[in-house]
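Participant: Quick one: structure below, then a few questions.
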Ligand code: BES
Ligand code: MN
Ligand code: ZN
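In the working numbering, the protein residues as written are 24 to 520.
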């Protein structure tokens, strides 16, 4: 896709289609009004007939408008002016793109009025346009054998109008937005794959392939023997019941110039979670192929930092295992020793994410990181608490948690902080080991965080529970690509870009 910024002269842009916003009461945006006067009142006439409501989500394609160079215009509903903000702006653009992609339109100028004030500055405008175009173009990587749908005609997107002083920022936004969309698509492709394809070894191969693509990336894969040497007893306990051997993936972005301590991203890579001996109920168990979404987000972020050549050291750590029941599988009540030397009573084999993460978080120490962020589809309890709109965020460093929550707001990929105070750790007490891997039903998302906190003392650490946000069920079942936009914003800011 070719992205460009335009400054003015919408009526004379040589594109196939211009995309214009119209409010619900028929009020035209500034750009729509300009097209209206160029066409001697054509839009006003059309709106006067009541053919277009301006409601959010509605679009109308009109052709052969006199007075403008483009052969078509697409009206997209902005809703009411009083409610109009960044969210409705995003929706109006997404609806417009859905409509555009159904046609053979090859080039568009996005002239959808922006919300007033500072809600969408030139940089985030560019970034949002490229991100929305990218996600609209995403098609699920299905394994259907029928005819593949035609590749979309869209080749070129102009975004504007942007004042001269803002063009550089908007162009940078477009570049970053394109990278975020590509990264999110990588996450989605990996997570959408079935678990018989996407195994721990497959994830390791994908990491190696990424390393070949970018010279700044260095990839190292620990096999079972190397994992044993690291004494990752908890990770190995989870992997034991599977015929798929575990992998521990280290992927480092080492830019030529970088300042500050590295950021370590740790991803939960359970390529399938049956629950193990604490077997899950059959309904929706297929969705547990998405239980490696955290690790896919880590790979996505490393591809992004490499592509944008961010002057920031970033290390990705991925604990990749399959959680299966078997004769030799870990059993409830088994006690294992983590890499940190702490013993864990595994009361529930379905609480496997924290077991692989505790060993990965311990491994993070050797990088002397400035920040450690783990990303995991960790608990159903987080979905109960926050639903599918916010990821859960908690940690031991309020500045870092605040940074992530703020990044989520800017990226429209929000997270909500849960209170990780001392009391929750009491629920993890065990009579037989240093602690248990579960703390009962109450506050389950937080007791999972409290477990991880035992292994991150002295580190600046935050945890993102994306169980409710990384994928969706229902008719549109599939990976959402979250929280890659949030993490991308966090990393880009940390790199000072
Ligand atoms: N992968 C699941 C969490 C999950 C549940 C993700 C639903 C997405 C949707 C995790 O490994 C798990 O099974 N957690 C248990 C923990 C419990 C045993 C303490 C859960 O949430 O039920
Ligand atoms: Mn589980
Ligand atoms: Zn799991």
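Ideal placement from N, C-alpha and C gives every residue a C-beta, glycine not left out.
As the structure is a computational prediction, the values presented were derived from the model and not from experiment.
Hey, out of 213, 190, 392, whose CA is closest to residue 146's CA?
Facilitator: Within the chain shown, residue 146 is the residue found at index 123, counting from 1. Closest by alpha carbon: 190.
Participant: With respect to 7 Å, is the separation between the Cβ of residue 490 and the closest non-hydrogen atom of ligand 1 below this value?
Facilitator: In the chain shown, residue 490 corresponds to position 467, counting from 1. It does: the Cβ of residue 490 is within 7 Å (strictly closer) of some heavy atom of ligand 1.
Participant: Does the distance from the CB of residue 396 to the CB of residue 335 come in under 8 Å?
Facilitator: The residue given as residue 396 occupies position 373 in the chain shown. The residue given as residue 335 occupies position 312 in the chain shown. Taking 8 Å as the Cβ cut-off, residue 396 and residue 335 do not qualify as a contacting pair.
Participant: Using a Cβ-based criterion (distance less than 7 Å to any ligand heavy atom), does residue 401 qualify as near ligand 1?
Facilitator: Position 378 of the chain shown, counting from 1, holds the residue named residue 401. Yes, Cβ of residue 401 sits closer than 7 Å to a heavy atom of ligand 1.
Participant: Looking at C-alpha atoms only, which residue of 518, 73, 338, 434 is the closest neighbour of residue 509?
Facilitator: Here residue 509 corresponds to residue number 486 of the chain shown, with the count starting at 1. Cα-wise, what sits closest to residue 509 is 434.
Participant: Between which two residues does the beta strand (DSSP E) harbouring residue 416 extend?
Facilitator: Residue mapping note: residue 416 aligns to position 393 of the chain shown, counting from 1. First-last of the beta strand (DSSP E) with residue 416: 414-418.
Participant: Tell me whether residue 228 counts as near ligand 3, meaning its Cβ is closer than 7 Å to at least one heavy atom of that ligand.
Facilitator: The residue given as residue 228 occupies position 205 in the chain shown. It does not: the Cβ of residue 228 is nowhere closer than 7 Å to a heavy atom of ligand 3.
Participant: Please determine, among 390, 326, 425, the residue with the shortest C-alpha to C-alpha distance to residue 202.
Facilitator: Position 179 of the chain shown, counted from the start, is the residue given in the question as residue 202. Of 390, 326, 425, the residue nearest in Cα terms is 326.
Participant: Any idea if residue 444 is buried or exposed, counting beta-carbon neighbours within 10 angstroms, 16 or more meaning buried?
Facilitator: Taking the chain shown and counting its residues from 1, the one referred to as residue 444 is at position 421. Its Cβ having fewer than 16 others within 10 Å, residue 444 is exposed.
Participant: To the nearest angstrom, how far is the alpha carbon of residue 416 from that of residue 73?
Facilitator: Within the chain shown, numbered from 1, the residue matching residue 416 stands at position 393. Within the chain shown, numbered from 1, the residue matching residue 73 stands at position 50. Their backbone Cα atoms lie some 46 Å apart in a straight line.
Participant: With a threshold of 8 Å on Cβ separation, who are the neighbours of residue 466 within its own chain once the five nearest residues in sequence on each side are excluded?
Facilitator: The count along the chain shown starts at 1 and reaches residue 466 at position 443. Taken in chain order, the residues that qualify are 404, 447, 450.
Participant: Any heavy atom of ligand 2 closer than 7 Å to the Cβ of residue 183?
Facilitator: For the purposes of this step, residue 183 is taken as the residue at position 160 of the chain shown. For ligand 2, not one heavy atom lies less than 7 Å from the Cβ of residue 183.
Participant: Have a look at 224, 420, 313 and flag the residue whose alpha-carbon is nearest the alpha-carbon of residue 401.
Facilitator: The residue given as residue 401 occupies position 378 in the chain shown. The residue with the shortest Cα to Cα distance from residue 401 is 313.
Participant: In or out: residue 436 buried (at least 16 other Cβ within 10 Å) or exposed?
Facilitator: Here residue 436 refers to the residue found at position 413 when the chain shown is read from its first residue. Residue 436 comes out buried.
Participant: Give me, in chain order, the residues of the same chain whose beta-carbon lies closer than 8 Å to that of residue 411; leave out the 5 immediate sequence neighbours on both sides.
Facilitator: Your numbering for residue 411 matches position 388 in the chain shown. For residue 411, where only same-chain residues beyond five positions count, the Cβ hits under 8 Å are 491, 492, 495.
Participant: Residue 460: beta carbon under 7 Å from a heavy atom of ligand 2?
Facilitator: Taking the chain shown and counting its residues from 1, one reaches residue 460 at position 437. Checking every heavy atom of ligand 2 against the Cβ of residue 460, none is found closer than 7 Å.
Participant: Is it buried or exposed for residue 373, if we count other Cβ within 10 angstroms and need 16 for buried?
Facilitator: On the chain shown, residue 373 is found 350 positions in, with the first residue counted as 1. Buried.
Participant: First and last residue of the beta strand (DSSP E) that includes residue 357?
Facilitator: On the chain shown, residue 357 is found 334 positions in, with the first residue counted as 1. Here the beta strand (DSSP E) through residue 357 covers 357-360.
Participant: Does the distance between the C-beta of residue 261 and the nearest non-hydrogen atom of ligand 1 fall short of 7 Å?
Facilitator: If you number the chain shown from 1, residue 261 lands on position 238. Every heavy atom of ligand 1 is 7 Å or more from the Cβ of residue 261, so no.
Participant: Can you give the beta carbon distance from residue 369 to residue 348, rounded, assuming they're within the 8 Å contact cut?
Facilitator: For the purposes of this step, residue 369 is identified with residue 346 of the chain shown, where counting begins at 1. For the purposes of this step, residue 348 is identified with residue 325 of the chain shown, where counting begins at 1. Rounded, the Cβ-Cβ distance is 13 Å, inconsistent with contact.
Participant: Hey, would you say residue 376 sits closer than 8 Å to residue 291, going by beta carbons?
Facilitator: Within the chain shown, the letter at position 353 stands for residue 376. Within the chain shown, the letter at position 268 stands for residue 291. A contact, by the Cβ cut-off of 8 Å.
Participant: Decide yes or no for the touch test of the region 145-164 against the region 183-198: beta carbon pairs closer than 8 Å, at least 3 of them.
Facilitator: Enough Cβ pairs lie closer than 8 Å, so yes.
Participant: Return the first residue and the last residue of the beta strand (DSSP E) that residue 486 is part of.
Facilitator: For the purposes of this step, residue 486 is taken as the residue at position 463 of the chain shown. That run of the beta strand (DSSP E) goes 484-488.
Participant: Note down the Cα distance separating residue 119 from residue 365, rounded to an integer number of angstroms.
Facilitator: Position 96 of the chain shown holds residue 119. Position 342 of the chain shown holds residue 365. Residue 119 and residue 365: Cα-Cα distance of roughly 54 Å.
Participant: For residue 114, name the three-state secondary structure that DSSP assigns.
Facilitator: Position 91 of the chain shown holds residue 114. Helix, per DSSP.
Participant: Around the Cβ of residue 283, are there at least 16 other Cβ atoms within 10 angstroms (buried) or fewer (exposed)?
Facilitator: As a working mapping, residue 283 is identified with position 260 in the chain shown. Label assigned to residue 283: exposed.
Participant: Which whole-angstrom value describes the C-beta separation of residue 438 and residue 506, a residue pair presumed to lie in contact below a C-beta threshold of 8 Å?
Facilitator: As a working mapping, residue 438 is identified with position 415 in the chain shown. As a working mapping, residue 506 is identified with position 483 in the chain shown. About 7 Å; that satisfies the 8 Å criterion.
Participant: Can you look up residue 270 in the DSSP assignment and give me helix, strand or coil?
Facilitator: Counted from its first residue, the chain shown places residue 270 at position 247. DSSP places residue 270 in strand when its eight states are reduced to three.
Participant: Quick one: Cα of residue 532 to Cα of residue 98, how far?
Facilitator: Since the first and last residues shown for the chain are 24 and 520, residue 532 lies out of range.
Participant: Rounded to whole angstroms, what is the Cα-Cα separation between residue 482 and residue 339?
Facilitator: In the chain shown, residue 482 corresponds to position 459, counting from 1. In the chain shown, residue 339 corresponds to position 316, counting from 1. Rounded to the nearest angstrom, the two C-alpha atoms are 16 Å apart.
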